[in-house]
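Visitor: Quick one: the structure is below, and I'll ask about it shortly.
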Amino acid sequence: MPQLACRTCGRRVYTTVPLEALFAEERRCPRCGARLDPERRGTERRQANRRQNPPGDPGPPPGVPERRKRERRKGPRRRPPDY
């Protein structure tokens with residue numbers, strides 16, 4: 024089943040026919056009216072996981088120090104609201 028995607032609003036539309044077989048008004052997004060494109064993320068391209076721990080030993084490998092030494096944020100996250 025072909026999938027179409029709107030690059031404007033991100034909506035994914037499932038169709039039973041290819042994009043070329045649709046009429047001009049059917050090639051528009053039902054949500055925002057922009058033109059639809061073939062979905063680029065339709066198939067999974069990754070063949071295997073890049074980083075995979077052994078099943079009996081989760082976590083970082085032994086002997087590797089912790090990457091982050093201290094917290095990145097030095098002050099408050101947001102400023103207090105102005106009332």
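Just so you know, the numbering used here puts 26 at position 3 of the sequence shown, and the rest follows in order with no gaps. All C-beta atoms in this analysis are idealised placements derived from N, C-alpha and C, irrespective of residue type, glycine included. No experiment lies behind these values; they were computed from the predicted model shown.
By the three-class DSSP mapping on this structure, what secondary structure does R35 have?
Guide: By 1-based counting over the sequence shown, the position of residue 35 is 12. If DSSP states are grouped into helix, strand and coil, R35 belongs with the strands.
Visitor: Is it the case that the Cβ atoms of A28 and R35 are separated by a distance below 9 Å?
Guide: For the purposes of this step, residue 28 is identified with residue 5 of the sequence shown, where counting begins at 1. For the purposes of this step, residue 35 is identified with residue 12 of the sequence shown, where counting begins at 1. Taking 9 Å as the Cβ cut-off, A28 and R35 qualify as a contacting pair.
Visitor: Would you say P61 and Q26 are within 9 Å of each other, going by their C-beta atoms?
Guide: As a working mapping, residue 61 is identified with position 38 in the sequence shown. As a working mapping, residue 26 is identified with position 3 in the sequence shown. Yes. Within cutoff.
Visitor: In the DSSP output, what is Q26 paired with across the bridge?
Guide: Locating residue 26 in the sequence shown gives position 3, counting from the first residue. Partner(s): Y37.
Visitor: Helix or strand or just coil, what does DSSP make of L45?
Guide: As a working mapping, residue 45 is identified with position 22 in the sequence shown. If DSSP states are grouped into helix, strand and coil, L45 belongs with coil.
Visitor: Compute the Euclidean distance between the alpha carbons of R90 and P83, then round it to the nearest angstrom.
Guide: Position 67 of the sequence shown, counted from the first residue, corresponds to residue 90. Position 60 of the sequence shown, counted from the first residue, corresponds to residue 83. Each residue's Cα considered, the two are about 10 Å apart.
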